[in-house]
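In this text, residue positions in the sequence shown follow UniProt numbering: the first is 1, and each later residue adds one.
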Amino acid sequence: MDILKKYNWPSPAKINLFLSVVGRRSDGYHYIQTLFRFLEYSDILIINSTLNKKITLINTIQGIHRQNNLILKAAKLLQNFMKRKKNQKIFGADIYVKKKIPLGSGLGGGSSNAATTLIALNFHWRCQLSLKTLANLGLQIGADVPVFIYGKSAFAEGIGEKLSSVNLPLKWYIIIIPPIKISTQSVFNKFSEKNFTVVKTFNQYLQKPFVNDFEAIVKKNFCTINKLIENCSKYAKFRLTGTGGCIFAEFSSEKKARIILQKLPKYIRAFISKGSNISILHRIIKIRSHSYDYFLK
């Protein structure tokens with residue numbers, strides 16, 4: 001392997017098929033139960049290692065200050081972790097981002113970028129770290145990062161880090177992108193303890209229609225989202241993913257999804273994606289790991 005070779009790495013989006021808030025920790029983090037599903041829709045991170053130990057984000061992402069960029073945080077976190085190991089050669093990296101996943105959308109773009117950075121640099125720098133180690137590092141960045149590290153559709157508990165992989169039937173989705181961004185923290189801050197959901201088993205969730213506990217709060221506080229759901233629900237059952245602001249509807253085939261997409265008002269920004277049980281990033285890992293048996297123990 002050429003340590004300085006440039007590679008493209010997909011950074012996939014996710015949706016929450018349901019999302020329940022079941023409690024709050026003393027540090028302010030909320031306990032949740034949710035069902036993560038990956039989409040065949042992603043940002044692309046173009047990465048190559050450097051010998052100068054410097055980590056450089058080549059381009060800027062509009063709306064994100066460099067100090068808050070999770071790509072840089074993930075890269076520096078991994079680099080610092082490796083510095084504590086004996087006889088470990090330390091590299092840098094140049095990273096370029098082709099951004100497709102909108103900010104403040106509930107599609108997990110920031111967490112996905114962080115996870116892809118950790119996995120990619122584990123490969124580039126020959127760190128030979130396990131997924132478990134990478135997930136523990138990722139959890140220091142955000143509660144959603146571990147699901148992107150493991151790369152499988154999952155029922156999540158705790159603050160989102162306790163994952164049980166699940167196999168979901170093939171579905172297609174219309175994702176509608178609203179003209180506003182929503183801060184995850186601002187929505188969590190509006191959630192009242194009186195609205196906590198009773199903890200359930202995964203099988204219990206399957207017995208009833210899926211619900212997102214944040215949808216009522218978002219609709220109440222963001223009239224744009226409320227109107228969007230009202231208008232689009234004339235055509236299909238649209239609901240919120242994560243804390244918003246994207247909404248989605250599920251279909252049994254691409255053809256059915258495209259028929260509804262054509263009916264939506266022309267001013268609506270939307271895309272269609274197939275759902276997947278294994279993220280596109282992990283399918284790339286599987287291909288590349290055939291040649292490099294040290295990658296991801």
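For glycine and all other residues, C-beta sits at the position ideal for the given N, C-alpha and C.
Check                                                                                                                                                                               : Outcome
Who are the near neighbours of Phe18 in its chain, counting only those whose CB is closer than 7 Å to its CB and skipping five residues on each side?                               : Thr34, Leu35, Tyr205, Phe210, Val211, Asn212
Relative to the C-alpha of Ala156, which candidate in Ile260, Val199, Asn8, Thr116 has its C-alpha closest?                                                                         : Val199
Could you check which residue in Glu40, Leu78, His65, Tyr267 has the C-alpha nearest to that of Lys53?                                                                              : Leu78
Does Leu4 pass the burial test, meaning 16 or more other C-beta atoms within 10 Å, or should it be called exposed?                                                                  : exposed
Let me know the secondary structure DSSP gives Ala236 once reduced to three states.                                                                                                 : coil
Determine the direct distance from the alpha carbon of His124 to that of Asn69, and round the result to whole angstroms.                                                            : 20 Å
Taking all protein chains shown into account, decide if Tyr292 is buried (16 or more other Cβ within 10 angstroms of its Cβ) or exposed.                                            : Unreliable placement is indicated for Tyr292, whose pLDDT of 47 sits below 50; no coordinate value is reported for it.
Mind checking Cys223: buried by the 16 CB within 10 Å criterion, or exposed?                                                                                                        : exposed
Going by the CB atoms, is the gap between Pro169 and Gly245 shorter than 8 Å?                                                                                                       : no
State yes or no: is the C-beta of Ala249 within less than 8 Å of the C-beta of Lys266?                                                                                              : no
Lys14: buried (16+ other C-beta within 10 angstroms of its C-beta) or exposed?                                                                                                      : buried
Measuring straight from C-alpha to C-alpha, what distance separates Leu139 and Leu264?                                                                                              : 38 Å
Tell me the DSSP bridge mates of Arg24?                                                                                                                                             : His30
Tell me, which residues are paired with Glu250 by DSSP?                                                                                                                             : Tyr173
Could you name the residues of the same chain whose beta carbon sits closer than 7 Å to that of Arg37, not counting the 5 residues immediately before and after it, in chain order? : Lys14, Ile15, Leu17, Ser153, Leu168, Gly275
Could you work out which residue in Gly142, Lys171, Trp172 is closest to Gly160 when comparing CA atoms only?                                                                       : Gly142
For Ile154, which beta-bridge partners are listed by DSSP?                                                                                                                          : A small correction: the amino acid at residue 154 is Ala; Ile does not occupy that position in the sequence shown. DSSP lists Phe36, Ser165 as partners of Ala154.
Count the other CB atoms within 10 Å of the CB of residue 336; is the residue buried (16 or more) or exposed (fewer)?                                                               : Missing from the structure shown is residue 336; the chain here goes from 1 to 297 and no further.
Among residues of its own chain, excluding the 5 on either side of Lys190, which ones have a beta-carbon nearer than 8 Å to its beta-carbon?                                        : Ile217, Asn221
How many Å lie between Glu193 and Asp27 at the Cα?                                                                                                                                  : 15 Å
Can you name, in chain order, every residue of its own chain whose Cβ lies under 8 Å from the Cβ of Tyr294, other than the five neighbours on each side?                            : Confidence at Tyr294 is low in this model, with a pLDDT of 47, below 50, so its placement is unreliable and the value that follows should be read with caution. Taken in chain order, the residues that qualify are Arg126, Gln128.
In whole angstroms, what separates the C-alpha of Asp43 from that of Lys98?                                                                                                         : 6 Å
Take Lys73 and list the residues in its own chain whose beta-carbon comes closer than 8 Å to its own, dropping the five residues that flank it on each side.                        : Ala114, Ile141
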